[in-house]
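Here's the structure we're looking at; comments come further down.
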Amino acid sequence: MLTSINKIAGNYANRSRTSMLYDLTVGVHKGTLSKKTGTRAHVLVFRLSTALMKMAGFLSGDRVEILFDESDGTATGGIITRNGDGYSLTPTGNNYQGSRNSPEKSPVASNVGFTLRKGMPFVPRTGGATELTVDPGKVNFTFPEGTTIYDG
């Protein structure tokens with residue numbers, strides 16, 4: 459049964475060196491420190507390369523929903539699909555400057571991030587998703603090895 463990360467949840471996070479080696483990377487990064495509570499939220503980030511964005515027909519600024527399949531406390535397969543009610547694909551790094559005023563005009567490398575909550579996939583180390591299959595407006599993938607479900 460597929461579960462929606464969007465419904466459990468975002469924030470933007472920096473790309474890692476691993477993100478340059480894969481078309482889709484998944485990672486958990488330190489988010490901002492809350493001045494109110496003094497705790498640091500973590501952010502689950504999916505980074506899509508320019509090539510993957512083009513193949514799937516995604517544009518920066520598109521809204522997507524991310525679904526995942528769970529088996530015995532681990533996240534196995536996932537789907538990124540275009541959804542008008544979802545979270546926005548945000549241009550990354552150097553792409554951000556040129557796309558800021560008109561992000562919908564370019565399929566540049568983009569991130570989508572969610573504040574990590576109980577029931578979401580948790581990746582102990584940023585890794586590349588495998589077994590990518592791409593259709594217009596949809597990407598199917600397998601989570602990096604060692605991905606579990608976050609229990610809070």
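For the sequence shown, counting from 1, position 128 maps to 586 in our numbering; every step adds exactly one. Glycine included, C-beta positions come from ideal geometry on N, C-alpha and C.
What residues match up with ASP593 in a beta bridge as DSSP calls it?
For ASP593, which the question treats as bridged, DSSP gives the partners LYS596.
- Answer with buried or exposed for SER492, where buried requires no fewer than 16 other C-beta atoms within 10 angstroms of its C-beta. exposed
### Message
Taking only three categories from DSSP, how would you classify THR605?
### Response
coil
Practice item. From the DSSP output, in three-state form, read off LEU547 for me. Key: coil
Own chain, CB closer than 8 Å to LYS512, minus 5 neighbours either side, in chain order
PRO565
Compute the Euclidean distance between the alpha carbons of PHE601 and THR591, then round it to the nearest angstrom. 13 Å
Excluding the 5 residues preceding and the 5 following ILE537 in the sequence, name in chain order all residues of the same chain whose CB lies nearer than 6 Å to its CB.
LEU525 and ASN598
Considering LEU510, what are the terminal residues of the alpha helix (DSSP H) in which it resides?
508 to 514
Hey, quick one: how far does the beta strand (DSSP E) through SER529 stretch, first residue to last?
521 to 529
* To do: Spell out whether any CB of chain C is found under 8 Å from the CB atom of ASP530.
  => Protein chain content of the structure displayed is limited to a single chain, and chain C is not contained in it.
### Message
If contacts are defined as beta-carbon pairs under 8 Å, then VAL501 and THR573 qualify, I think. What distance do you get, rounded to the angstrom?
### Response
The Cβ separation is near 6 Å, so the contact holds.
Exercise for review: Measure the C-alpha to C-alpha separation of THR606 and ASP543 and round it to an integer number of angstroms.
Suggested key: 26 Å
Hey, is ASN541 close to the ligand GTP, as in C-beta under 7 Å from one of its heavy atoms?
In the structure on display, the ligand GTP does not appear, and there are no ligands present to speak of.
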